[in-house]
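Let me begin by presenting the structure, written as structure tokens, before commenting on it.
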Amino acid sequence: MQITPPGVSPIGRSLLDRSLQELSEYVQATGAPAYRARQIHEWIYQKYARSFEEMTNLPRAMRAALAAQATVTPLEPVTRLVSQAGDTQKALFRLPDGERVEAVLMLYDTRRTLCISSQAGCAMGCSFCATALDGLRRNLTAGEIVAQVLFFARYLRDADETPVMRVKRPTTVTNIVLMGMGEPMHNYENVWTAIRRLTAADGFGLGARHITLSTVGLIPMIDRMADEGIQVNLAVSLHASNNALRSKLVPPNRRYPVDELLAAVRRYIAKTNRRVTFEYALIQGINDSPALARDLAIKLQGILCHVNLIPLNPIPDSSFQPASARDTQRFVEILQAGGISATVRMRRGIEINAGCGQLRNAVAA
Ligand code: SF4
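Note that the working numbering gives residue 184 to position 184 of the sequence shown, counting from 1, and the numbers run on in steps of one.
Written as structure tokens, this is what we have:
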């Protein structure tokens, strides 16, 4: 059997970059019946098959032909690190064109949360972020985004076979956050194609409310997301409440200043009736003062929101350091006293470079 789609690039070899319809056309072009596509789809998205060889209800010749010309996943794991506490695992993957991206699995009591990447590198230039150092390399395809989830879904299911972490039930991915490398709103089409596959009942089947998309605040895309009609959570990386400071930390603020961003968030909430999370990385001596906490509490009045305060993940050779425990506590107390729902999120896996972009930079190409 011959399966040779025209113009197949190394990236295009992955079947994850085909919708069910495209997979069906691909399979039928070989003379196989359309129902074979649905079988392959089920093996990939619901049985997390590693290879075509596992797809035992396909004819042997078809499995061999597929294996010769396509791949089940575009990801090749390069490095995998587990935190000392055994609750965080970070993977660095190589893509077919040599680009590298990271994803992190975090175990909580009842949640198995994945932080995945949407781009190789990032164009946003946040001054405290390791991913920003090399700029944007390229967008990830929808298949490359989904592949990170399938990799860890497979790992969790088979954790007994490869017990590098102490995984108890649940052994499924329960939550996904798009907070790894890249700005998801800057790769909007592919990210939403991936989200649709991850939430489709005949795809990965995760509830949309268990997915969070994090943005530095690209306003037109926040407005667009409000119209998607899928109940994915929105998180906005704020990090400062005034334009002078925020533009230094998060350069897109020059184009989308704080008050306009907060107005977009209000529009989003009015349309979706969903609570928005603001992420605030606390940086020692930069954005962690009581005055800035009070200013933030005022700015967020009346917005249906929660503030996640995260002591910064330190980057080697950077002057930015995490806020002290005392200043972090004081900051959260001021927000709470101002009527703002706020908590401090514990950092995970500092010793394994779990902050986004750090492992990629630490491991030579
Ligand atoms: S913090 Fe996020 S948006 Fe900013 S440069 Fe890093 S990856 Fe990009």
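Here a beta-carbon is modelled for each residue, glycine too, at the ideal position from N, C-alpha and C.
May I ask you to report which of helix, strand or coil DSSP gives residue i?
i	result
MET221	helix
ILE230	coil
LYS271	helix
GLN301	coil
HIS239	coil
THR73	coil
GLN2	Only weak support exists for where GLN2 lies, its pLDDT of 36 falling under 50; the value from the coordinates is given anyway. Looking at GLN2 - three-state DSSP - the assignment turns out to be coil, as it is neither helix nor strand.
ASN313	coil
PHE331	helix
ALA91	strand
SER9	A caution first: SER9 carries a pLDDT of 44, below 50, which makes its placement in the model unreliable, though a value can still be read off. Residue state, collapsed to three classes: coil.
ALA174	Here the sequence assigns Thr to residue 174, which means Ala is not the residue at that position. THR174 falls in the coil class under three-state DSSP.
THR110	coil
THR343	strand
ALA103	strand
ARG80	strand
ASN247	Correcting the residue identity first, residue 247 is Ser in this sequence and not Asn. Correct three-state label for SER247: helix.
ALA365	For ALA365, the predicted structure reports a pLDDT of 44, less than 50, and the residue's modelled location is therefore unreliable. A value from the coordinates is still provided. Note: ALA365 maps to coil in three-state DSSP.
VAL216	coil
VAL265	helix
Closest by CA to residue i, which one among the options?
i	options	result
CYS114	GLY339, LEU261, ILE145, SER341	One detail in the question is off: residue 114 reads as Leu in this sequence, not Cys. The shortest C-alpha separation from LEU114 is found at ILE145.
PRO74	LYS90, LEU238, VAL101, LEU81	VAL101
ALA91	PRO77, GLN84, ALA85, ILE269	PRO77
ILE44	GLN284, SER14, ARG209	SER14
GLU304	ARG274, MET181, PHE320, GLU333	Sequence check: residue 304 is Leu here, not Glu. Among ARG274, MET181, PHE320, GLU333, the Cα nearest to that of LEU304 belongs to ARG274.
ILE286	GLU260, ALA244, ALA263	ALA244
ALA159	GLN39, LEU107, GLN46, ALA120	LEU107
GLU183	ASN233, ALA132, ARG224, ALA201	ALA132
ARG36	THR56, GLY180, ARG50	THR56
ARG111	GLU54, ALA103, VAL167, THR174	THR174
GLU99	GLY229, ASP223, ARG347, LEU140	LEU140
VAL332	TYR280, SER319, ASP134	TYR280
THR172	ALA194, ASN187, ARG138, HIS210	HIS210
HIS239	MET221, GLY229, VAL232, LEU261	LEU261
LEU309	LEU335, VAL167, PHE93	LEU335
Excluding the five sequence neighbours on either side, which residues of its own chain have a C-beta within less than 6 Å of the C-beta of residue i, listed in chain order?
i	result
LEU16	GLY143, VAL146, ALA147
GLY338	ALA297
GLN89	VAL82, LEU105, MET165
PRO59	none
TYR256	GLY217, ILE219
THR71	ARG13, SER14
Within its chain, find whatever has a CB closer than 7 Å to the CB of residue i; leave out the 5 residues flanking it on each side and keep chain order.
i	result
SER247	ASN253, ARG254
SER241	VAL258, LEU292, ASP295, LEU296, LYS299
ARG116	For clarity, residue 116 is Ile in the given sequence; the question names Arg instead. Cβ within range, chain order: ALA103, ILE145, GLN148, VAL149, ILE176, LEU178, GLY180.
ARG267	ASP223, ALA226
Given the structure, does residue i come close to the ligand HEM, in the sense that its CB is under 7 Å from one of the ligand's heavy atoms?
i	result
MET165	Judged by which ligands are present, the ligand HEM is missing from the structure shown, whose ligands are the ligand SF4.
List the endpoints of the continuous alpha helix (DSSP H) containing residue i.
i	result
SER24	20–28
GLU189	188–199
TYR280	Not the alpha helix (DSSP H): TYR280 falls in the beta strand (DSSP E), residues 276–282.
Enumerate in chain order the residues of its own chain whose CB-to-CB distance from residue i is below 8 Å, with the five nearest sequence positions on each side excluded.
i	result
VAL191	SER118, ALA142, ILE145, LEU178, PRO184, MET185, LEU213
List the endpoints of the continuous beta strand (DSSP E) containing residue i.
i	result
ILE44	Segment 35–45 is the alpha helix (DSSP H) holding ILE44; no beta strand (DSSP E) there.
Margin query: If we require 3 or more residues per run, which beta strand (DSSP E) segments fall completely within the segment 115–147?
Written below: Taking 3 residues as the minimum length, the beta strand (DSSP E) runs contained wholly in the segment 115–147 are 119–121, 136–139, in order along the chain.
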